[in-house]
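Per this note's numbering, the sequence shown starts with residue 815, numbered consecutively.
Where is the CB? At the ideal position from N, CA and C, for every residue including glycine.
Below: the structure, in structure tokens.
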Amino acid sequence: GWLGTTKQIVSKVTQHLIENEHCNPKTMLAYIGPCICKNCLEVMDNVIDLVKKMDFDTSPYYYKTDDSHYLMDNQGLNKQMLLNLGLLDTNITVSNYCTVENSDLFYSYRKYKDSARNITIIKRKSPSK
Numbered sequence: 815g816w817l818g819t820t821k822q823i824v825s826k827v828t829q830h831l832i833e834n835e836h837c838n839p840k841t842m843l844a845y846i847g848p849c850i851c852k853n854c855l856e857v858m859d860n861v862i863d864l865v866k867k868m869d870f871d872t873s874p875y876y877y878k879t880d881d882s883h884y885l886m887d888n889q890g891l892n893k894q895m896l897l898n899l900g901l902l903d904t905n906i907t908v909s910n911y912c913t914v915e916n917s918d919l920f921y922s923y924r925k926y927k928d929s930a931r932n933i934t935i936i937k938r939k940s941p942s943k
């Protein structure tokens, strides 16, 4: 969600893999799964204030809809973090599914407001010998 994005979790984990696990960003593959899309993720000023503090130009990833509300592209922000670390655009796949628009297929906290969990999987293939 937006909180993990504003804390730049994707950047921190990927940076760790590059620096400590000696992963090559040019050969890394990333999949950004189903989540609330940029047409449905409405946030307020306080969230955008956090987005603006991220360590790259985030202005292409949100726009103001009224005095205190914005629509935000969470997937775009996470993809940009990966690109900034050297992953190739062709190696990053972004799901087209919105969890709000497809709530019959996916859990959406925004829609149901109860507790459910999503998962992140990181797999490292052993180098071939």
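Taking K878 as reference, the option from K852, E915 and D903 with the minimal CA-CA separation is K852. Note on geometry: alpha-carbon atoms of Y911 and N834 lie some 33 Å from one another. Annotation for L891: T819, V865, M868, T872 and Y875 place their beta carbon closer than 8 Å to its own, counting only its chain and skipping 5 residues before and after. In this structure, Y884 sits near I862, with a CB-CB distance shorter than 7 Å. For E856, the enclosing beta strand (DSSP E) has its first and last residue at E856 to M858.
Where T907 is concerned, there is no enclosing alpha helix (DSSP H), although the beta strand (DSSP E) around it starts and stops at I906 to V908. At the C-beta level, L899 and T828 come within 7 Å of one another. C-alpha of C837 to C-alpha of L831: approximately 6 Å in a straight line. Under a 10 Å Cβ-count criterion, F870 is classified as exposed, with fewer than 16 other Cβ atoms of the shown protein chains found around its own Cβ.
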